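Residues 1 to 190 in UniProt numbering are what the sequence shown lists, from first letter to last. Ideal placement from N, C-alpha and C gives every residue a C-beta, glycine not left out. No experiment lies behind these values; they were computed from the predicted model shown. Since the structure comes first, as structure tokens, the remarks are kept for the end.
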Amino acid sequence: MLSEITGRLRRKLPGRIWIETGPVVLEVTVPFTLVETLPPVGEVVRLPVCLWIQEGTPELFGFADEPSRETFRLLASLSGVGPRLALNLLAFFRPEELEEAVQREDIRALSRVPGIGPRRAERLCVELRGKLALQKKKTAPSPVYEEALVALRNLGFSAREAEEALAAVFTGEENLDELLRKALKHFSPG
């Protein structure tokens, strides 16, 4: 699996770049906003990448950083989104901005992205609620978070229920008792 590429930038176009890595030149699809931040042609670049295979056709996507790549993977895997729309979202929002827009249910901001109307923006908010925060926590788990996850599983909650509850309440400031208390309150209606 490809994770990152380093090579000489051969060509830049809006949304697409070519990187020479030894005798091979790779075509990489990138958010159009990333192209503006890259060094001049001829300079060496290093990008996190994701190889996406759809209907038997491979395509290499490049990103400014690893959180953007992980957010892309999450977005592209959602029903009705796919890699193109995921890339559009990342051209308009950094991962933390997207998470904020989803948490605030900012339909207007999400609808500014080409290919996303109000209905799709609402659906994105529903599908992504908790997943973006959970993804962030999975990339940097804390011991307290992990212990709380195990404790909730031992109390009979499914992995998904436990992860969603923790994603909704975890701030990183709690001790284990506080985190469990908050998570259990999350399960209580009203």
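Assuming residue i contacts residue j (C-beta within less than 8 Å), just tell me the rounded distance between them.
i, j, result
"residue 180", "residue 163", "Residue 180 to residue 163, Cβ: 14 Å. No contact."
"residue 25", "residue 15", "17 Å between Cβ atoms; not a contact."
"residue 49", "residue 4", "6 Å"
"residue 89", "residue 113", "6 Å"
"residue 52", "residue 95", "That pair is no contact at about 18 Å."
Work out the CA separation of residue j and residue i for me, nearest whole Å.
i, j, result
"residue 18", "residue 98", "28 Å"
"residue 54", "residue 177", "45 Å"
"residue 139", "residue 71", "Unreliable placement is indicated for residue 139, whose pLDDT of 48 sits below 50; the coordinate value is still reported in the next sentence. Roughly 11 Å separates the two Cα atoms."
"residue 11", "residue 58", "20 Å"
"residue 153", "residue 27", "44 Å"
"residue 85", "residue 115", "7 Å"
"residue 173", "residue 146", "14 Å"
"residue 6", "residue 13", "18 Å"
"residue 159", "residue 118", "32 Å"
"residue 56", "residue 23", "25 Å"
"residue 157", "residue 120", "31 Å"
"residue 151", "residue 87", "37 Å"
"residue 103", "residue 155", "28 Å"
"residue 45", "residue 74", "25 Å"
Name the residue from the options whose alpha carbon lies nearest to the alpha carbon of residue i.
i, options, result
"residue 165", "173, 132, 184", "184"
"residue 92", "45, 33, 132, 145", "33"
"residue 9", "2, 38, 23", "38"
"residue 2", "12, 69, 44", "69"
"residue 105", "95, 85, 129", "129"
"residue 100", "142, 45, 186, 168", "168"
"residue 175", "144, 160, 159", "144"
"residue 161", "187, 56, 142", "187"
"residue 171", "73, 142, 151, 42", "142"
"residue 42", "159, 151, 21", "21"
Which residues does DSSP pair with residue i in a beta bridge?
i, result
"residue 7", "45"
"residue 17", "12, 28"
"residue 61", "29, 50"
Inset, instruction - Could you say if the region 55-64 and the region 97-111 meet the contact criterion of at least three C-beta pairs nearer than 8 Å? - result: no
Legend entry - Cβ contact check for the region 123-133 and the region 66-79: 3 or more pairs under 8 Å: yes
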